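Student: Chains as they are written, first to last, in this note's numbering: chain A, 3 to 548; chain B, 319 to 555.
Shown below is the structure under consideration.
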């Protein structure tokens, strides 16, 4: 495989597509598929056959606004139809070439205008199971460019220059991590992709793996070339069977095209990837636990240092990045580090994918340049809080993150600003809460999550989260005291500072941030036995969120 | 590692000490009679950094490091007993005492228990946390030993000694978080497991979770000190 051959494939795909007068793209991502987009696609194919028009019906990855699904986009006009079902198929096909169907058309211009798509540039435009579709969108060009024209150090320099930071939550500078692994001594090195997305309300990585799997593989291959690895692992949670199937197909196709395997592009560089399935433990998203799990051991974290960059999989230097981080690599190598660094804020470059969920009009997947104000995400892209309710808080970063109150919506979204506000960027879950949410109950929900997902190895996380859950349940029941609150704060401090891994160290964040911004709600519960949002039942102690 | 200097000097609690490259803070501190509390650490076994009692402060870093696994570096300044550390240690001990059913008065290890001694050493006078009082089982199926999960603190010494020293790997951990328990084989009864009956796990258990049936009602001191010597002898072979 050479760049010329890639271009030939791209040309032939484009020529093939040009034979069709229209392209009807059907979103087959989980949210749309669960509402019958497969039946819709079949109906569209039948309707096209019956009409005699030359139309390409293509299944694609996530288009973004999941709450409007199933989604259909008709190209070249880029008409977007929402809430489509199989019954609409004939009408859509017969409208091709004429006026679009008013009743189905949705106006989401504001939703899309504020977004900048880098990671999601192909999602919704290509068939994730066809490697040629990806190649036609400059796919694998970055890998071939790097192999033919760049040194490994050159690739690392480009990543460093871009200012990309780890998209899994920690925000560690990616270029620095790569150069550490590249400099680590050892003849065998590994590249690992963390696809164990487990935060409640987060589905960015799933959509990337399902909608554009080759992008992740290309990013990993570039990383392997840069750090000197020849073997990669993608660790995907088994709860994502579609992602696993798409990745398996993608790996097979990439091998067939000679883009994975021995002597890629006729060079001395060899690289292949294996998929490893997670068995449902949230803690396996922590890097040392993930490594233990890949090795076939119980998924428990280990104290760091030694960091995986020095001693990771089977004691070898290991580069571990998140799905979204790898998805950013190919465009950076293709377009240059400066191109990427021009987007975003001062210390948080580029774009970030967020899964917008909760009490918001347009739930779904969005990609925005970092530094964007929270209100822009909520009011403009998200379409505001529906049902006449008022915004109360935004929860970012999943169970490791915190709640940002409504009066801080002027905050620019960046690693440092969110950290300063007591939350974290995390992997990109963004849960919007309105005045019907009780913040004590929200804190209890996340602590319950951490309690059940704690691996049980270190005592602060194992027993501390359980104790915090007991105290929060008391407060929610109306049986809590001010001493309990004091004890809760002491527990937060010990769990945060003394826990072994990131899960425990960040588990108190939802409690600490709600205590910081919504302390009066805790006091209301304890002193006046009253839940301001009307969520907690004070008379009889019951499980509210069971 | 390309660091050619073998000997490091560092300061622990204001005392200047020397160390070999690769030594842990705990090793160096114990060589110099500086006490750092530990429960999961046992000389002769690998370290897991799970009990978090050995956390120490390093000057220049806000993060607390476990002394049992953190290695020394030149010019390091370690504090082992600051107010912050004492507060965390007491809270951790409170968590351990409240987690399961630790009732010293009826325990075979009363007077010989490392958890009990640690509570006394750290000045723990009462438990503020609510007791969890979990309903846990006792497995007395083994002809010589009993495991009482009510007294287990999940230090995983039994797991490590069985896998690393005896080479049998009968013990392991089942479940997650607060529901974790140690099990024999694939959660079989201890008595019908592949246990070699060597009794090492009983000797290294810091509490009365693993005990010798013949010692019920009498003093039950444990002797984990055979490990460093055994390890030395094996290495010499």
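Glycine included, each C-beta is placed from N, C-alpha and C at the ideal position.
Computed from a predicted model, the values in this text were never measured in an experiment.
In chain order, what residues of the stretch 443-459 of chain A put their CB closer than 8 Å to some CB of chain B?
Tutor: Listed in sequence order: 453, 454, 455, 456, 457, 458 and 459.
Student: At 8 Å on the CB atoms, spell out the chain B contacts of residue 487 of chain A, in chain order.
Tutor: Per Cβ cutoff of 8 Å: no residues; residue 487 of chain A is ~12 Å from chain B at best.
Student: Leaving aside the five residues before and after residue 428 of chain B along the sequence, list all residues of the same chain whose C-beta is less than 6 Å from its C-beta, in chain order.
Tutor: Cβ neighbours of residue 428 of chain B beyond the five flanking positions: 422.
Student: Taking 8 Å as the CB-CB limit, is residue 10 of chain A close to chain B?
Tutor: So, not an interface residue.
Student: Less than 8 Å between C-beta atoms, sequence neighbours within five positions excluded: which residues of the same chain meet that for residue 555 of chain A?
Tutor: The structure shown has nothing for residue 555 of chain A, since chain A only spans 3 to 548.
Student: Hey, quick one: how far does the beta strand (DSSP E) through residue 2 of chain A stretch, first residue to last?
Tutor: No statement about residue 2 of chain A is possible, as the shown extent of chain A runs from 3 to 548 and does not include it.
Student: Since residue 55 of chain A and residue 98 of chain A are thought to touch, with beta carbons under 8 Å apart, how far apart are those beta carbons, to the nearest angstrom?
Tutor: About 6 Å; that satisfies the 8 Å criterion.
Student: Return no unless some Cβ of chain B is closer than 8 Å to the Cβ of residue 462 of chain A.
Tutor: Closer than 8 Å: yes.
Student: Whole angstroms is fine: what's the gap from residue 391 of chain B's alpha carbon to residue 377 of chain B's?
Tutor: Roughly 12 Å between the two C-alpha positions.
Student: Determine the DSSP secondary structure at residue 257 of chain A, reduced to helix, strand or coil.
Tutor: Of the three classes helix, strand and coil, the one that applies to residue 257 of chain A here is helix, per DSSP.
Student: Quick test of the definition: if touching needs 3 or more C-beta pairs under 8 Å, does the stretch 508-526 of chain A touch the stretch 431-447 of chain A?
Tutor: Because the criterion of three Cβ pairs below 8 Å is met, the stretch 508-526 of chain A and the stretch 431-447 of chain A touch.
Student: Which runs of the alpha helix (DSSP H) spanning at least 4 residues fall entirely within the stretch 177-250 of chain A, listed in chain order?
Tutor: Entirely contained in the stretch 177-250 of chain A, the alpha helix (DSSP H) runs reaching 4 residues are, in chain order, 206-213 and 215-229.
Student: Alpha carbon to alpha carbon, what distance is there between residue 59 of chain A and residue 101 of chain A?
Tutor: Distance between the alpha carbons of residue 101 of chain A and residue 59 of chain A: 19 Å.
Student: In the DSSP assignment, what residue or residues form a beta bridge with residue 405 of chain A?
Tutor: A:397.
Student: Would the stretch 440-454 of chain B count as touching the stretch 476-486 of chain B if we require 3 or more Cβ pairs under 8 Å?
Tutor: Counting Cβ pairs under 8 Å, fewer than three are found: no touch.
Student: Strictly under 8 Å for the Cβ-Cβ distance: is residue 496 of chain B near chain A by that measure?
Tutor: It does: the Cβ of residue 496 of chain B has a partner Cβ on chain A nearer than 8 Å.
Student: I'd like to know if residue 20 of chain A contacts chain B, where contact means its C-beta is closer than 8 Å to some C-beta of that chain.
Tutor: Chain B contact via Cβ: absent.
Student: Under the rule that 16 or more other beta-carbon atoms within 10 Å means buried, what is residue 319 of chain A, buried or exposed?
Tutor: Per the 10 Å Cβ criterion, buried.
Student: With distances taken from CA atoms, which of B:402, B:372, B:448 and B:389 is nearest residue 436 of chain B?
Tutor: For the residues B:402, B:372, B:448 and B:389, the minimum Cα distance to residue 436 of chain B belongs to B:372.
Student: So if I threshold CB-CB distances at 8 Å, which residues from the stretch 440-473 of chain B count as touching chain A?
Tutor: Flagged, chain order: 446, 447, 448, 450, 471 and 472.
Student: Taking 8 Å as the threshold (beta carbon to beta carbon), is residue 510 of chain A in contact with chain B?
Tutor: Not closer than 8 Å to any Cβ of chain B, the Cβ of residue 510 of chain A fails to qualify, so no.
Student: Could you check whether residue 491 of chain B and residue 511 of chain B sit closer than 8 Å to each other, using their CB atoms as the reference points?
Tutor: Their beta carbons are not under 8 Å apart, which means residue 511 of chain B does not touch residue 491 of chain B by this criterion.
Student: Strictly below 7 Å CB to CB, what residues from chain A border residue 486 of chain B?
Tutor: Those within 7 Å of residue 486 of chain B in chain A number zero; the least Cβ separation is about 17 Å.
Student: Check each residue of the stretch 398-414 of chain B: if its Cβ is closer than 7 Å to any Cβ of chain A, include it; give the result in chain order.
Tutor: Going along the stretch 398-414 of chain B in chain order, one finds 406, 409, 410, 413 and 414 with a Cβ nearer than 7 Å to chain A.
Student: Please tell me whether residue 220 of chain A has its Cβ less than 8 Å away from any Cβ of chain B.
Tutor: So no, residue 220 of chain A is outside the interface.
Student: Rounded to the nearest angstrom, what separates residue 416 of chain A and residue 66 of chain A at their Cα positions?
Tutor: About 21 Å.
Student: Does the separation of the CB atoms of residue 456 of chain A and residue 502 of chain A fall below 8 Å?
Tutor: It is not a contact, given that the beta carbons lie outside the stated cut-off.
Student: Assign residue 289 of chain A to one of two classes, buried (16 or more other C-beta atoms within 10 Å of its C-beta) or exposed (fewer than that).
Tutor: The residue in question, residue 289 of chain A, is buried, as its Cβ has 16 or more Cβ neighbours within 10 Å.
Student: Run through the stretch 86-140 of chain A for me and flag every whole alpha helix (DSSP H) of 4 or more residues, listed as ranges in chain order.
Tutor: Entirely contained in the stretch 86-140 of chain A, the alpha helix (DSSP H) runs reaching 4 residues are, in chain order, 91-97, 111-115 and 133-138.
Student: To the nearest angstrom, report how far apart residue 90 of chain A and residue 75 of chain A are at their CA atoms.
Tutor: If I take the Cα positions, the gap works out to 13 Å.
Student: In terms of DSSP beta bridges, what is residue 342 of chain B paired with?
Tutor: Partner(s): B:389.
Student: Excluding five sequence neighbours on each side, which residues of the same chain lie with their C-beta closer than 7 Å to the C-beta of residue 343 of chain A?
Tutor: Closer than 7 Å at the Cβ level, and outside the excluded window around residue 343 of chain A, lie 163, 164, 165 and 351.
Student: Am I right that residue 341 of chain B and residue 398 of chain B are in contact with their C-beta atoms under 8 Å? What's the rounded C-beta distance?
Tutor: Wrong, their Cβ atoms sit about 15 Å apart, outside the cutoff.
Student: For residue 177 of chain A, does the count of other Cβ atoms within 10 angstroms reach 16, so buried, or fall short, so exposed?
Tutor: Residue 177 of chain A is buried by the Cβ-count criterion.
Student: 8 Å is my cut-off, CB to CB: does residue 515 of chain B come that close to chain A?
Tutor: Taking Cβ atoms only, chain A never reaches closer than 8 Å to residue 515 of chain B, which makes this a no.
Student: Use the C-beta contact count for residue 316 of chain A: other C-beta atoms within 10 angstroms, 16 or more gives buried, fewer gives exposed.
Tutor: The residue in question, residue 316 of chain A, is exposed, as its Cβ has fewer than 16 Cβ neighbours within 10 Å.
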